[in-house]
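**Student:**
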Amino acid sequence: MSIAMILAVAGLAASGTFLVTSRSLSRIVLGFSLLGHAAVIALLASGGRAGNPPIVDGEVDPDAANPLPQALSLTAIVISFGLTLFVLALARRQQLLSGDDLVEDDVEDRRVAARADEPRDAEARGSDGRDTADEEIRS
Amino acid sequence: MTAVVGLAVVLPLLAAAVVLGVRSLAPVRDVLTLSTMAAVTGMSAALLVEVERNGTVVLEVGGWAPDLGIVLVADLFAALILLVSTATIMAVELFAIGQRRTPAGADPSVVGPLLLVLTGGVSLSILTGDLFTLFVAFELILVASYVLLTHQGRQGQIRSGMTYVVINLFASALFLFGVAIVYAATGTVNMALLAERIPELPEATQVGIGLWFLVVFGTKAAIFPLFSWLPDSYPTAPTTITAVFAGLLTKIGVYVLIRFYSLMELDELGPVLLVIAGLTMIIGVAGALAQDDVKRILSFHVVSQIGYMVMGLGFFTVAGVAGAVLFLVHQIPVKTVMFLAGGLIEDDQGTSTLSRIGGLATSRPVIAVLFALPALSLAGLPPFSGFVAKLALVDAGMASGAWVIVTVSLVGSILTLLSMTKIWLGAFWGEITAPAVPASSRRSVTIMQSAAGIAVAGTIAVAIVAGPLWTVSERIATDLLDRAPYITAVRG
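Below you can see the structure in the form of structure tokens.
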């Protein structure tokens, strides 16, 4: 595997992962495109050295490149293309619903977390403990 | 019989296309969907009988030899899980037909075809004998699940759908890297060939490959610490969808984990699996105790129960793996039916938040029974299937001398019972609360309850045939750990 391939995979995977961890879905989409490219290059590199086209006029070239990783890459590219479109559609829907395309925290998680942070006297207030937690989320 | 192996994958996918074409004709669509699922279930049953009698059935797709082409392999393990899965999906589809007349129900013209796509994906991931085809099968399942989760387009669904999609896309990317790593190391993606070549690799490479795929399959299976997407996303979907996800998707992850780890002889990672299993059990159930919504509590239990199966695999003994297989067979219908019962509560009361409902044992005794039976089974009380499965695992643990994990698993069981009691106290006892307005029609309630009833009957059937099932599980475990039967069946 050539050093250029290794560097390309590492660079793409690193920047892809960085983008995926952000809050905005449009950045996440870009991140997945980069990650997908990294994976495809890794697949190609796994097939060994570069070579001639595998089959020309029905003849098999002894210096041919390994065709299997190419077939695998092609499948992977098609799948990631379709899924990118789906994520974009999700981002659009989120934008319509909330005005931006940020990935939000889970409401119930925040409620449980807020309950842990809340002072103990919330228990004494009884049933409105839940409402207090909800208000804290909103604030 | 080789044709049946192919049909189990192709038939649901073709039917999905046809059903999508006639999606506005409700009766035709429902009959077609249900009959396809019945056909696939029937074929899986025939396949199980055939494999049990005459050994593994291998289909070489397109007639290519295993080192060149794709193979589908139906061994006893695959046939058994295939039968349980397809039967479960069929019960869920029946429930969906009932539920679609209710306000909370999913869009029937989407659910029918997509459940068929899901069935095709599930069959393919169970039957495939090729790592890259497994990736494609996972994508097939995931694409169907993305759409099922978000198709109603409500705010909560989009929010949790994004988490679900992002996590799974990341896991898929890691899967692709994993395929590249394995191909670079061995020059093949055929599992039988991998089973021959991976144990010959240097030990560090083996451990690396094992850990990499532990992350990939572990994300699907929702093991600790990769589970947090699950309790966020599952409860927001309509019940039908949550039920099928909870019953099948994580279990397919476990199935593949068992298959991969046993076939690649990754015994040296056993201790890692056991630590992860213990943490998954305890943290999952602890999460459940903090929740106040039936569907969320059940979602955390999905995580917790995964720990038990991973524990069985982690022993790498015949008894342990057989216990894991039995647990898998018990979990698929039980988890599904618990969510269906949760859906019945939600449909009746308009919410599944425990603080807002109560007294269902008096007002809705049928729902109470449909919930209580699988809940007791989940907690592992005799004489239900959960007891048999957990007993097998604890027994295997004691035989391996792994006292710590056995203790942890028993503590986990008690906590499970505690949290089932919490649902019972909150939803079924106490003051009777008013049912939701407008109520669902009597007919749809009947269909939903009978679908849940059939699934409950299925879980009880697992307990009744526990004896023969255990014999089969032991045979499966022996074959899995021996590896030779799989390799010779594929390579001829």
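Residue numbers (our numbering), protein chains in the order written: chain Y, 196 to 334; chain L, 4 to 495. Heads up, the beta-carbon is just placed ideally off N, CA and C, and yes, glycines get one too.
Reducing DSSP to helix, strand and coil, say where Y:I312 ends up.
**Tutor:** The residue asked about is misnamed: residue 312 of chain Y is Asp in this sequence, not Ile. The answer is helix: DSSP assigns Y:D312 an H, G or I state.
**Student:** If we cut at 8 Å on Cβ distances, does L:L418 have a partner in chain Y?
**Tutor:** No, because no Cβ of chain Y sits closer than 8 Å to the Cβ of L:L418.
**Student:** Distance check for L:E434 and Y:D326, CA to CA, integer angstroms please.
**Tutor:** Note on Y:D326: pLDDT 44, under 50, position unreliable in the model; no value is reported.
**Student:** Since Y:S219 sits in a beta bridge, which residues does DSSP pair it with?
**Tutor:** Looking at the DSSP assignment, Y:S219 forms a beta bridge with Y:L297.
**Student:** Express the C-alpha separation of Y:D296 and Y:G206 in angstroms, rounding to a whole number.
**Tutor:** Each residue's alpha carbon lies about 26 Å from the other.
**Student:** Chain Y partners of L:E142, CB-CB under 7 Å?
**Tutor:** Correct list: I274.
**Student:** On the CB-based measure, 16 or more other CB atoms within 10 Å of its CB, does L:A442 come out buried or exposed?
**Tutor:** It counts as exposed.
**Student:** Out of L:V247, L:M451 and L:A293, which has the shortest C-alpha to C-alpha gap to L:S422?
**Tutor:** L:S422 has its Cα closest to that of L:A293, out of L:V247, L:M451 and L:A293.
**Student:** How big is the Cα-Cα spacing for L:E203 and Y:Q289?
**Tutor:** Approximately 50 Å, taken between the alpha carbons.
**Student:** Give a yes or no on whether the C-beta atoms belonging to L:F80 and L:V328 are separated by under 8 Å.
**Tutor:** Yes; because the gap between Cβ atoms is below 8 Å, this pair is in contact.
**Student:** Quick one: what's got a C-beta closer than 7 Å to L:I335's C-beta in the same chain, skipping five residues either side?
**Tutor:** Once the five neighbours on either side are set aside, the close Cβ partners of L:I335 are V87, S88, T91, G250, L251 and K254.
**Student:** Going by DSSP, what residue range makes up the beta strand (DSSP E) through L:E63?
**Tutor:** L:E63 -> beta strand (DSSP E) spans V60 to E63.
**Student:** Could you pull the DSSP bridge partners for Y:E254 from this structure?
**Tutor:** Y:V251, per the DSSP bridge assignment.
**Student:** Return the chain-ordered list of same chain residues with a C-beta closer than 8 Å to the C-beta of L:F498, the five sequence neighbours on each side being excluded.
**Tutor:** Outside the modelled stretch of chain L, which goes from 4 to 495, sits residue 498 of chain L, for which no answer is possible.
**Student:** From L:I463 to Y:S197, what distance separates their C-alpha atoms?
**Tutor:** Computed Cα separation, rounded: 58 Å.
**Student:** Tell me the rounded alpha-carbon separation between L:A437 and L:I457.
**Tutor:** Going from the Cα of L:A437 to the Cα of L:I457 covers about 28 Å.
**Student:** Decide if Y:G242 is buried, meaning its Cβ has at least 16 other Cβ atoms within 10 Å, or exposed.
**Tutor:** With 16 or more other Cβ atoms within 10 Å, it is buried.
**Student:** According to DSSP, simplified to helix, strand and coil, what is L:D296?
**Tutor:** Looking at L:D296 - three-state DSSP - the assignment turns out to be strand.
**Student:** To the nearest angstrom, how far is the alpha carbon of Y:A245 from that of Y:R305?
**Tutor:** If you take the alpha carbons of Y:A245 and Y:R305, they lie about 52 Å apart.
**Student:** Are the Cβ atoms of L:S148 and L:L121 separated by less than 8 Å?
**Tutor:** Against a cut-off of 8 Å, the Cβ pair of L:L121 and L:S148 comes out as a contact.
**Student:** According to DSSP, which residues form a beta bridge with L:L75?
**Tutor:** Note: L:L75 sits in a beta bridge opposite L:L62 and L:T131.
**Student:** In chain order, what residues of the same chain lie with their CB nearer than 6 Å to the CB of L:V475, ignoring the 5 residues before and after it?
**Tutor:** Answer for L:V475: no residue qualifies.
**Student:** What number of angstroms, rounded off, separates the C-alpha of Y:I201 from the C-alpha of L:A68?
**Tutor:** Each residue's alpha carbon lies about 33 Å from the other.
**Student:** In this structure, what does DSSP give as the bridge partners for L:T356?
**Tutor:** Beta-bridge pairing links L:T356 to L:D296.
**Student:** Could you give the C-beta distance for L:P234 and L:F303, rounded to a whole number, given that I count them as a contact under 8 Å?
**Tutor:** That belief holds up - the Cβ atoms of L:P234 and L:F303 are roughly 5 Å apart, short of 8 Å.
**Student:** Is it buried or exposed for Y:F213, if we count other Cβ within 10 angstroms and need 16 for buried?
**Tutor:** Per the 10 Å Cβ criterion, exposed.
**Student:** How about Y:A205: is its C-beta nearer than 8 Å to some C-beta of chain L?
**Tutor:** Not one chain L Cβ lies under 8 Å of Y:A205.
**Student:** From the DSSP secondary-structure annotation, give me the bridge partner or partners of Y:A259.
**Tutor:** Y:N247, per the DSSP bridge assignment.
**Student:** For L:G429, report the span of its alpha helix (DSSP H) as first-last.
**Tutor:** Careful: L:G429 lies outside any alpha helix (DSSP H) and carries neither H nor E.
**Student:** Cβ closer than 8 Å: which chain L residues qualify as neighbours of Y:Q289?
**Tutor:** Here the neighbours are I161, R162 and M165.
**Student:** Are the C-beta of Y:V282 and some C-beta of chain L separated by less than 8 Å?
**Tutor:** It does: the Cβ of Y:V282 has a partner Cβ on chain L nearer than 8 Å.
**Student:** Compare the Cα-Cα distances from L:L343 to each of L:I144, L:S265, L:L420 and L:A246 and report the closest residue.
**Tutor:** Comparing Cα-Cα distances from L:L343 to each of L:I144, L:S265, L:L420 and L:A246, the minimum goes to L:A246.
**Student:** I'd like to know if L:Y186 contacts chain Y, where contact means its C-beta is closer than 8 Å to some C-beta of that chain.
**Tutor:** By this cut-off, L:Y186 is an interface position.
**Student:** How would you call Y:V251, buried or exposed, if buried means at least 16 neighbouring beta carbons within 10 angstroms?
**Tutor:** Flag for Y:V251 reads exposed.
**Student:** Sorted by chain position, which residues of the same chain lie with C-beta nearer than 7 Å to L:A195's C-beta, five sequence neighbours on each side aside?
**Tutor:** Within the same chain, L:A195 has close Cβ partners P69, G132, Y489, I490, V493 and R494.
**Student:** List the residues of chain L that Y:V307 touches, going by C-beta distances under 7 Å, in chain order.
**Tutor:** Ordered by position in chain L, the residues that pass the 7 Å Cβ test against Y:V307 are A293.
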